[in-house]
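Going by our numbering, the first residue of the sequence shown is number 414, and it counts up by one from there.
Note that the Cβ used here is the ideal one computed from N, Cα and C, for glycine as well.
No experiment lies behind these values; they were computed from the predicted model shown.
This report refers to the structure that appears directly beneath it.
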Amino acid sequence: MRDLFQEQLEALRACSLDRHLRELTSAQGPEIEIDGRRLINFSSNDYLGLANDPRLRKAAIAAITEFGVGAGASRLISGTQSPHVRLEQALAKWKGTEAALCFSSGYATALGTIPALVTKDDVIVLDKLCHASLIDGAKLSGAILRVFPHNHLGKLQSHLEWARRQHLSKRILILTESVFSMDGDRAPLRELVELKKRFGALLMLDEAHAVGVIGPNGRGLAAAENLNEDVDVQMGTLSKALGASGGYICGSHDLIEGLINCARSFIYSTAPPPAIAAAASAAIDFLSSSEGEARRLLLWKKIELLRRLLPANAMNTKSSAATSAIFRWIVGDEQAALNLASALQSEGFLVPAIRYPTVAKGSARLRITVTASHDEDRIRALCDAIRKMTKHE
Ligand SMILES: *Cc1c(COP(=O)(O)O)cnc(C)c1O
414 MRDLFQEQLE ALRACSLDRH LRELTSAQGP EIEIDGRRLI NFSSNDYLGL
464 ANDPRLRKAA IAAITEFGVG AGASRLISGT QSPHVRLEQA LAKWKGTEAA
514 LCFSSGYATA LGTIPALVTK DDVIVLDKLC HASLIDGAKL SGAILRVFPH
564 NHLGKLQSHL EWARRQHLSK RILILTESVF SMDGDRAPLR ELVELKKRFG
614 ALLMLDEAHA VGVIGPNGRG LAAAENLNED VDVQMGTLSK ALGASGGYIC
664 GSHDLIEGLI NCARSFIYST APPPAIAAAA SAAIDFLSSS EGEARRLLLW
714 KKIELLRRLL PANAMNTKSS AATSAIFRWI VGDEQAALNL ASALQSEGFL
764 VPAIRYPTVA KGSARLRITV TASHDEDRIR ALCDAIRKMT KHE
């Protein structure tokens with residue numbers, strides 16, 4: 414048993430692809446503590462600084478006092494408690510859809526939803542850079558998979574033409590993200606909607622890195638582009654900008670009723686802790702308020718500042734306008750990315766190196782995420798440190 418992974422681990426180490434956990438001895442925030450050392454944190458997806466917000470803490474504590482800690486059963490047995498119902502109502506209202514359903518995580522959301530929507534002989538067409546949860550859900554569904562190069566509408570169209578020819582009466586599901594998690598760029602949603610309509614396909618959009626960041630009251634890219642009605646399945650997570658935990662689907666009554674009956678990760682898993690649902694509701698209440706909208710605009714000020722100050726060679730973005738709170742500095746070589754991350758860490762910054770299989774081999778990068786809670790001096794300090802390093806590159 415001792416040798417169970419020995420060969421694999423050695424192989425990973427040889428390519429600088431081995432991974433290790435780091436223990437935080439503090440709460441999530443713009444400054445965290447690791448190994449007794451304070452670090453300025455440019456690694457989290459807590460874009461609005463809600464993970465440790467007093468409003469969310471208070472909501473969670475109140476729910477624990479009233480409902481306890483564990484939900485005790487799956488949602489369909491006796492695990493549906495008032496905080497879950499309230500969260501789903503709040504989600505549907507906030508997103509402007511008929512209904513909503515929450516899951517234990519974003520990952521579980523994709524894993525349950527995709528196989529409920531399509532099956533063997535149906536076709537899934539997905540973007541090459543889709544998150545692992547979408548890929549795993551797609552594989553689990555047993556549907557025929559076709560991958561199009563990142564944001565490549567021409568290739569997507571030819572897959573759709575093929576799918577319609579071959580599988581006249583079958584379902585076609587397009588899977589993509591509004592903001593890509595390791596690149597920070599956006600999907601061309603308007604064009605995607607046009608194509609999905611032309612070919613009678615369904616569109617599922619993962620808004621994980623867009624909710625809380627993009628669109629009025631942080632409702633995401635579909636809302637920002639006024640395409641709410643045209644995205645059949647709106648997926649998101651409660652664990653990033655919303656500062657809590659869990660995932661959700663927003664859509665029609667029919668869709669939600671279907672998922673309650675068919676999504677296995679929903680049916681066969683204990684309901685999320687009621688306190689987490691209550692905290693997520695508090696996050697949605699906050700986002701819907703004018704104070705929440707001000708926090709989102711403050712995030713955009715920080716995003717703009719980082720975009721302005723990051724050295725051009727550390728940014729690798731084609732567009733001049735920032736598209737999200739995610740920036741990436743593509744280094745290429747895995748070990749070189751690790752070395753840069755560790756050099757930044759000695760300067761007091763936590764900026765993670767992202768490697769295969771999260772991104773393609775040879776496209777290792779530093780992924781920099783900025784939040785509303787970073788003060789300007791820290792953003793400047795990070796950019797100064799990076800500027801020094803890019804000079805030595
Ligand atoms: C983080 C993420 C998920 C998974 O959400 P969790 O709530 O963390 O499980 C799904 N999709 C994308 C694009 C993500 O970045």
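*ligand 1 heavy atoms versus the CB of Glu-717: any closer than 7 Å?*
The sequence position of residue 717 within the sequence shown is 304, counting from 1. No - ligand 1 has no heavy atom lying nearer than 7 Å to the Cβ of Glu-717.
*When we look at the beta-carbon of Ile-445 and count the other beta-carbons within 10 Å, is it buried (16 or more) or exposed?*
In the sequence shown, residue 445 corresponds to position 32, counting from 1. So Ile-445 ends up on the buried side.
*Range of the contiguous alpha helix (DSSP H) that encloses Tyr-681*: As a working note, residue 681 is residue 268 in the sequence shown. Looking at the DSSP string, Tyr-681 is not in any alpha helix (DSSP H), and its letter there is neither H nor E.
*asked:* What does the alpha-carbon distance come out to for the pair Val-646 and Ala-529?
replied: Reading the sequence shown from its first residue, position 233 is the one you call residue 646. Reading the sequence shown from its first residue, position 116 is the one you call residue 529. For Val-646 and Ala-529, the distance between alpha carbons rounds to 12 Å.
*What residue range is occupied by the uninterrupted alpha helix (DSSP H) comprising Asn-726?*
What you label residue 726 is simply residue 313 of the sequence shown in a count that begins at 1. Premise fails: Asn-726 is in no alpha helix (DSSP H) and is neither H nor E.
*Is Thr-782 near ligand 1, with its Cβ less than 7 Å from a heavy atom?*
Here the question's residue 782 lines up with position 369 in the sequence shown. Answer for Thr-782: no, Cβ out of range of ligand 1.
*Look up Thr-589 in the DSSP assignment and say whether it is helix, strand or coil.*
Residue numbering aside, residue 589 sits at position 176 when the sequence shown is read from its first letter. Reduced to three states, the DSSP call for Thr-589 is strand.
_Per-residue DSSP class, three states only, for Arg-793_ = In the sequence shown, the residue the question calls residue 793 occupies position 380. Looking at Arg-793 - three-state DSSP - the assignment turns out to be helix.
*Answer yes or no: the CB of Asp-549 versus the heavy atoms of ligand 1, is any distance below 7 Å?*
Position 136 of the sequence shown, counted from the start, is the residue given in the question as residue 549. False, no ligand heavy atom lies under 7 Å from that Cβ.
*Could you work out which residue in Ala-749, Ala-766, Ala-635 and Ser-776 is closest to Ser-457 when comparing CA atoms only?*
The sequence position of residue 457 within the sequence shown is 44, counting from 1. The shortest Cα separation from Ser-457 among Ala-749, Ala-766, Ala-635 and Ser-776 belongs to Ala-766.
*Beta-carbon separation of Ala-707 and Leu-469 under 8 Å?*
Against the sequence shown, residue 707 aligns to sequence position 294. Against the sequence shown, residue 469 aligns to sequence position 56. No, they are not a contact pair.
*Write down the C-beta distance between Ser-487 and Ala-684 rounded to the nearest angstrom, noting that I regard them as a contact closer than 8 Å.*
Here residue 487 refers to the residue found at position 74 of the sequence shown. Here residue 684 refers to the residue found at position 271 of the sequence shown. Ser-487 to Ala-684, Cβ: 6 Å. Contact.
*For Asp-619, which three-state DSSP category applies?*
On the sequence shown, residue 619 is found 206 positions in, with the first residue counted as 1. In this structure, Asp-619 counts as strand in the three-state DSSP scheme.
*Within 10 angstroms of its Cβ, does Pro-448 collect 16 or more other Cβ (buried), or is it exposed?*
If you number the sequence shown from 1, residue 448 lands on position 35. Correcting the residue identity first, residue 448 is Asp in this sequence and not Pro. Asp-448 is exposed by the Cβ-count criterion.
_Suppose you measure from the CA of His-544 to the CA of Leu-651; what does that come to, to the nearest Å?_
Looking up residue 544 in the sequence shown gives position 131. Looking up residue 651 in the sequence shown gives position 238. Rounded to whole angstroms, His-544 to Leu-651 spans 16 Å at the Cα level.
*When the Cα of Glu-638 is compared with those of Leu-605, Lys-653, Arg-559 and Arg-611, which residue comes out closest?*
As a first step, residue 638 must be located in the sequence shown, where it is residue number 225. The candidate whose alpha carbon is nearest that of Glu-638 is Leu-605.
*asked:* Quick check: is any heavy atom of ligand 1 less than 7 Å from the C-beta of Glu-511?
replied: As a first step, residue 511 is located in the sequence shown; it is residue number 98 there, counting from the start. No - ligand 1 has no heavy atom lying nearer than 7 Å to the Cβ of Glu-511.
*Classify Val-482 as buried or exposed, calling it buried when 16 or more other Cβ atoms lie within 10 Å of its own Cβ.*
In the sequence shown, residue 482 corresponds to position 69, counting from 1. Looking at its Cβ environment, which holds fewer than 16 other Cβ atoms inside 10 Å, Val-482 is exposed.
_Beta-ladder partner(s) of Ala-693, from DSSP_ = Within the sequence shown, numbered from 1, the residue matching residue 693 stands at position 280. Beta-bridge pairing links Ala-693 to no other residue.
*Check whether Leu-569 and Gly-631 have beta carbons under 8 Å apart*: Taking the first residue of the sequence shown as 1, we reach residue 569 at position 156. Taking the first residue of the sequence shown as 1, we reach residue 631 at position 218. Cβ atoms of Leu-569 and Gly-631: not closer than 8 Å.
*In this structure, what does DSSP give as the bridge partners for Glu-446?*
Position 33 of the sequence shown holds residue 446. BP columns for Glu-446 point to Arg-451.
_Gly-656 and Gly-633 - do their beta-carbons sit closer together than 8 Å?_
Here residue 633 refers to the residue found at position 220 when the sequence shown is read from its first residue. Here residue 656 refers to the residue found at position 243 when the sequence shown is read from its first residue. No, the Cβ-Cβ distance between Gly-633 and Gly-656 is not below 8 Å.
*State yes or no: is the C-beta of Thr-650 nearer than 7 Å to some heavy atom of ligand 1?*
The residue labelled residue 650 in the question sits at position 237 within the sequence shown. Correct: Thr-650 has its Cβ closer than 7 Å to ligand 1.
*Less than 8 Å between the CB atoms is what I'm expecting for His-572 and Arg-584, so what's the real figure, rounded?*
Position 159 of the sequence shown, counted from the start, is the residue given in the question as residue 572. Position 171 of the sequence shown, counted from the start, is the residue given in the question as residue 584. Their Cβ separation, rounded to whole angstroms, is 14 Å, which puts His-572 and Arg-584 out of contact at 8 Å.
*Can we count Tyr-769 as close to ligand 1, meaning its CB is less than 7 Å from some heavy atom?*
Counted from its first residue, the sequence shown places residue 769 at position 356. No, Cβ of Tyr-769 sits at least 7 Å from all heavy atoms of ligand 1.
*Is the number of C-beta pairs between the segment 789–804 and the segment 711–720 that are closer than 8 Å three or more?*
yes
_Using 8 Å for Cβ pairs, my map puts Ala-503 next to Glu-511. What's the rounded Cβ distance?_
Taking the sequence shown and counting its residues from 1, one reaches residue 503 at position 90. Taking the sequence shown and counting its residues from 1, one reaches residue 511 at position 98. No, Ala-503 and Glu-511 are not in contact; Cβ-Cβ is about 14 Å, not under 8 Å.
*Output the boundary residues of the beta strand (DSSP E) element that contains Phe-612.*
For the purposes of this step, residue 612 is taken as the residue at position 199 of the sequence shown. Unbroken run through Phe-612: none, as it is neither H nor E.
_As assigned by DSSP and simplified to three states, the class of Arg-780_ = Within the sequence shown, the letter at position 367 stands for residue 780. In the three-state reduction of the DSSP assignment, Arg-780 falls in the strand class.
*asked:* On a Cα-Cα basis, can you pick out the residue from Arg-450, Pro-467 and Asp-431 that is closest to Thr-438?
replied: Sequence index remark: in the sequence shown, residue 438 carries index 25 (1-based). Among Arg-450, Pro-467 and Asp-431, the Cα nearest to that of Thr-438 belongs to Arg-450.
*Please confirm whether any heavy atom of ligand 1 lies closer than 7 Å to the CB of Ser-518.*
Here residue 518 refers to the residue found at position 105 of the sequence shown. The answer is yes for Ser-518.
*Got a sec: does ligand 1 put a non-hydrogen atom nearer than 7 Å to the Cβ of Ala-738?*
What you label residue 738 is simply residue 325 of the sequence shown in a count that begins at 1. No - ligand 1 has no heavy atom lying nearer than 7 Å to the Cβ of Ala-738.
*Classify Asp-667 as buried or exposed, calling it buried when 16 or more other Cβ atoms lie within 10 Å of its own Cβ.*
Reading the sequence shown from its first residue, position 254 is the one you call residue 667. Asp-667 comes out exposed.
*Residues in its own chain within less than 7 Å of Cys-663 by CB, not counting five upstream and five downstream?*
Numbered from 1 along the sequence shown, position 250 holds the residue referred to as residue 663. Hits under 7 Å: Leu-504, Ala-505, Lys-508, Thr-510, Ala-513 and Gln-647.
*For Met-595, I'd like the list of residues in its chain whose CB is within less than 8 Å of its CB, leaving aside the five on either flank, ordered along the chain.*
Position 182 of the sequence shown, counted from the start, is the residue given in the question as residue 595. Cβ contact annotation for Met-595 (same chain, cutoff 8 Å, sequence separation greater than five): Leu-542, Ile-739, Arg-741, Ile-767, Thr-771, Val-772, Arg-778 and Arg-780, in chain order.
*asked:* When you measure from the CB of Gly-485 to every non-hydrogen atom of ligand 1, does any distance come out below 7 Å?
replied: The residue labelled residue 485 in the question sits at position 72 within the sequence shown. No, the beta carbon of Gly-485 sits no closer than 7 Å to any heavy atom of ligand 1.
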